[in-house]
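The structure under discussion appears below in the form of structure tokens.
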Amino acid sequence: MAGSIPASPSADGLASARHVSPSAEAWRRFKRHRMAMASLMVLLLMVLAVYLGPFFWTVAINDIDFKATLQGPSMAHPMGTDDLGQDLLARMLYGGRISLAVGLAAMAMAIVVGVTIGALAGMSRGSVDAALMWLTDLFLSLPQLPLLLLIYLFRDTLKAAFGPEVGVFIMIVLVIGGFRWMPVARLVRAQFFSLREKEFVEAARALGATTTRQVWRHILPNALGPVIVAGTIDVAAAIIAESTLSFLGLGFPPDIPTWGRILFDSKDHMDIATHWALFPGAAIFLAVLTINFVGDGLRDALDPRKVL
Amino acid sequence: MGPYLLRRLLIALPSLLGISVVLFTVLALAPGDPFAELALNPNVPAEVKAALRAKFGLDDPVWQRYFHWLLAMLHGDWGFSFISRVDVDTLILQRVPTTLAVIGASQLLALCIALPVGVYSAVRPYSWFDRIASSLAFVGFSLPTFFTGILLILVFSIKLDWLPFVYRADLTSTGWAWWGEQIRQSIMPVAVLGLFQGASWTRYVRSSMLDVVRLDHVTTARSKGLSERVVVMKHIVRNALIPVVTLVALTMPQVFGGAIVTEQIFRVPGIGSLLIDAILRNDTPVIMAVTFVFSCLVILFNLIADLLYGWLDPRISFR
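Quick note, the sequences are listed as chains A and B, same order. Anchor point for the first sequence: position 18 equals 18 in the working numbering, and the numbering is continuous, going up by one each time. Positions in the second sequence are counted from 1; adding 1000 to them yields the working numbering.
Here you go:
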């Protein structure tokens, strides 16, 4: 009787029939979070609108028309116009592309730096780990917003080097990303500490896997869940950081209308042109809210201990 | 605890030095010259310009200027503002009380929202109250403070005309009228900051409560026949608040950062608007001093958080 157990054909068949890939499983769990699904739809719609919109709405962002200044929404200008008669819909679409690009690029930078430093600290014990963690703590104790504001001091140099748009973009992404990698590094390091002692990693090591292979094939894929969640939230945080800078007048220059910049420009005309402030503010809010909800859904979907 | 505190303070010193080096280097590398305006003025002779630059040591190498600054700082000399022509420390001391008042009031408001709402949501999880509160909290911390500020100004100052939208430090009235005006002009800045913090803390209070509710001692307390009120207040809330206290201390520096935005919207003459003015006018000594004060606050509150944590939770020992 004992010999028949491992060869049981029915048990094998069941196991292979129920096999689903980890990503399919995560997607199944994600779909059960209704707010996250709805947010994902809205977010995708916003991204599509921002990237495909300019093909359908071909008004230039800097078309000055003094006959139509500070007008409310109408057929000619669905989101109204600003104090120079520039079409707000065109400016919103343009600004959305910049805001989303800043968010994604800053997130990518935070994740790459964070995972690298976290993995290095997690795999090497002793002095390297201690030094890297001291660096992480040092960055955590730097005051973020005041330092973000210092970007403003470098704007002229960068403008000369890369042109106004790209120069400021690089600077903003570098600074925002440079301030958001620390939580990721700590997360990855903690994950590495527990994962590298697990049996499956030990088995890989016993089979002669190099350290690089252990990290890439066995440890890192299992440590990615919380990193993905943190990355999603980082996109929202980077969008807020960028619009805060622009709102304070210290981010992108006035001729580049990001959502924060449009809001900043609208401040002095709020009593007569409410729409001018409401549209960019609502866009920032909607983007941040939906990204946060997606992150919440991913947290549920990627946490294997949570039963859904 | 004494040796622990001493050791932590000793660790904080190199961190503060490191931060000051970073800040100083960034500022020194930044282009832009506080005397740029002076240089364009044809009435100022070239010798005077050169003498001024030499007096403030603007042409020395960076490391020399850093040690100069560090030495002066250790003597309690914070530097001299190029633009306002007063000492930096008097400038900062003028602005700090306003910032502290606004931030303190907003943190109180945030706690008054977060504690009751978070506790009640966790006592009845997934009830209607919990769902509405959780959704509102989510919306609350996704709303950037600058947008909430603008919305409040739009509704209460422009449409309804109830509240002033510029914060004035030089109110002329005295006695009760002064207090009335002070409160009226503080409502909006305090609400913007407080609601934002309250929303994110509500989530922490709720999840921290839910962690404690499952523990065995709570079941024991219930099965002893204690009333629900005693169980919640004495056995759950007191334990659940330990991580929350730490979190409040840890987020304080972020709150100071957030206050920069609020101060700018409502023109509150606090330390944040001082920083922005200094940046816009290239007033390097003021920028350096204010950012350094912010860094000291971060380190101070990290230390306070750790000490509080150990004091409240006897399971943690200081080593």
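For each residue, glycine too, the CB sits at the ideal point set by N, CA and C.
Which residue's Cα is closest to the Cα of residue i: the options?
i, options, result
"B:Leu1308", "B:Ile1265, B:Thr1284, B:Ile1260, B:Leu1247", "B:Leu1247"
"A:Lys267", "A:Asp82, A:His77, A:Met37", "A:Asp82"
"B:Ile1299", "B:Glu1228, B:Ala1259, B:Ser1015, B:Pro1243", "B:Ser1015"
"B:Leu1195", "B:Ser1020, B:Val1244, B:His1068, B:Gly1258", "B:Gly1258"
"A:Ala282", "A:Leu263, A:Thr211, A:Leu220, A:Val112", "A:Leu263"
"A:Pro183", "A:Gly114, A:Arg125, A:Gly251, A:Leu245", "A:Gly114"
"B:Asp1283", "A:Leu150, A:Thr157, A:Arg91", "A:Leu150"
"A:Gly80", "A:Phe247, A:Leu278, A:Val294, A:Arg299", "A:Leu278"
"B:Leu1312", "B:Ile1242, B:Arg1281, B:Leu1013", "B:Ile1242"
"B:Ile1287", "B:Thr1025, B:Leu1013, B:Leu1017", "B:Thr1025"
"B:Ser1295", "A:Thr58, A:Pro146, A:Ala131", "A:Pro146"
"A:Ala241", "A:Leu138, A:Trp27, A:Gly178, A:Asp87", "A:Gly178"
"A:Ile284", "A:Ile98, A:Met37, A:Ile219", "A:Ile98"
"A:Lys67", "A:Ala60, A:Leu84, A:Thr58, A:Pro54", "A:Leu84"
"B:Pro1314", "B:Val1139, B:Gly1270, B:His1075, B:Asn1239", "B:Asn1239"
"B:Val1139", "A:Ile272, A:Ala301, A:Met35", "A:Met35"
"A:Ala230", "A:Arg32, A:Arg205, A:Ala185, A:Pro54", "A:Ala185"
"B:Glu1181", "B:Leu1023, B:Leu1193, B:Phe1165", "B:Phe1165"
If you count every other CB in all the chains shown that lies within 10 Å of the CB of residue i, and 16 or more means buried, which is it?
i, result
"B:Val1230", "exposed"
"B:Gln1064", "exposed"
"A:Val102", "buried"
"A:Asn292", "buried"
"A:Ala203", "exposed"
"A:Ile64", "exposed"
"A:Asn312", "Residue numbering for chain A in the displayed model covers 1 to 308; residue 312 of chain A lies beyond these limits and cannot be assessed."
"B:Ser1223", "exposed"
"B:Trp1178", "exposed"
"B:Tyr1383", "The structure shown does not extend to residue 1383 of chain B, since chain B is modelled only from 1001 through 1319, so no value can be given for it."
"A:Leu344", "No information on residue 344 of chain A is available, as it lies outside the stretch 1 to 308 that chain A covers here."
"A:Gly208", "exposed"
"B:Trp1069", "buried"
"A:Ser74", "exposed"
"B:Pro1189", "buried"
"A:Arg155", "buried"
"A:Gly126", "exposed"
"A:Gly3", "With a pLDDT of only 45 at A:Gly3, under 50, the local geometry of the prediction cannot be trusted, and the value read off the model is given with reservation. Exposed: under 16 other Cβ atoms inside 10 Å."
"A:Ile5", "Low confidence applies here, because A:Ile5 scores a pLDDT of 49, under 50, leaving its location unreliable; read the following figure in that light. Answer is exposed; the Cβ neighbour count stays below 16."
"B:Gly1149", "buried"
Any C-beta of chain B sitting closer than 8 Å to the C-beta of residue i?
i, result
"A:Gly163", "no"
"A:Leu150", "yes"
"A:Ile240", "yes"
"A:Pro243", "Just to set this straight, residue 243 of chain A is Ser in the shown sequence, not Pro. At least one chain B Cβ lies under 8 Å of A:Ser243."
"A:Pro146", "yes"
"A:Ala38", "no"
"A:Ala277", "yes"
"A:Pro73", "no"
"A:Ser141", "yes"
"A:Val288", "yes"
"A:Ile172", "no"
"A:Gly347", "Outside the shown range of chain A (1 to 308) lies residue 347 of chain A, about which nothing can therefore be said."
"A:Ala11", "Annotation note: pLDDT 47 at A:Ala11 (below 50); position unreliable, coordinate value reported separately. Taking Cβ atoms only, chain B never reaches closer than 8 Å to A:Ala11, which makes this a no."
"A:Gly281", "yes"
"A:Asn62", "no"
"A:Phe154", "yes"
"A:Phe179", "no"
Any chance the CB of residue i is under 7 Å from a heavy atom of the ligand HEM?
i, result
"A:Leu100", "What this structure holds is no ligand at all, so the ligand HEM is not there to describe."
Flag residue i as yes if its beta-carbon sits less than 8 Å from any beta-carbon of chain A, otherwise no.
i, result
"B:Gln1064", "no"
"B:Ile1150", "yes"
"B:Thr1291", "yes"
"B:Ser1223", "no"
"B:Ile1158", "yes"
"B:Phe1266", "no"
"B:Val1232", "no"
"B:Phe1196", "no"
"B:Val1205", "no"
"B:Val1213", "no"
What residues from chain E crowd round residue i, counting only those whose CB sits closer than 9 Å?
i, result
"B:Leu1154", "In the structure shown, chain E does not exist; the protein chains are A and B."
*Whole runs of the alpha helix (DSSP H) within the region 28-101 of chain A, excluding any shorter than 4 residues*: Those alpha helix (DSSP H) runs which fall completely within the region 28-101 of chain A and span 4+ residues are 34-56.
*asked:* Is it the case that the region 1200-1208 of chain B contacts the region 1082-1097 of chain B, given that we only count it when at least three CB pairs across the two stretches are under 8 Å?
replied: Counting C-beta pairs closer than 8 Å gives fewer than three between the region 1082-1097 of chain B and the region 1200-1208 of chain B, which falls short of the contact rule.
*Which ranges does the alpha helix (DSSP H) cover as unbroken runs of at least 4 residues, wholly within the region 1194-1236 of chain B, from first to last along the chain?*
1216-1223
*asked:* I'd like to know if the region 246-261 of chain A and the region 227-235 of chain A are in contact, where contact means that at least 3 CB-CB pairs between them fall below 8 Å.
replied: No: fewer than three Cβ pairs fall under 8 Å.
*Do the region 1095-1114 of chain B and the region 1260-1276 of chain B make contact, defined as three or more Cβ pairs closer than 8 Å?*
With the cut-off at 8 Å, the region 1095-1114 of chain B and the region 1260-1276 of chain B touch.
*Are the region 1289-1303 of chain B and the region 1249-1257 of chain B touching, with three or more C-beta to C-beta distances below 8 Å?*
yes
*Length at least 4, wholly inside the region 153-220 of chain A: the alpha helix (DSSP H) runs in chain order*: 155-162, 164-178, 181-195, 199-206
*Whole alpha helix (DSSP H) elements within the region 1082-1159 of chain B, 4-residue minimum*: 1088-1123, 1128-1142, 1145-1152
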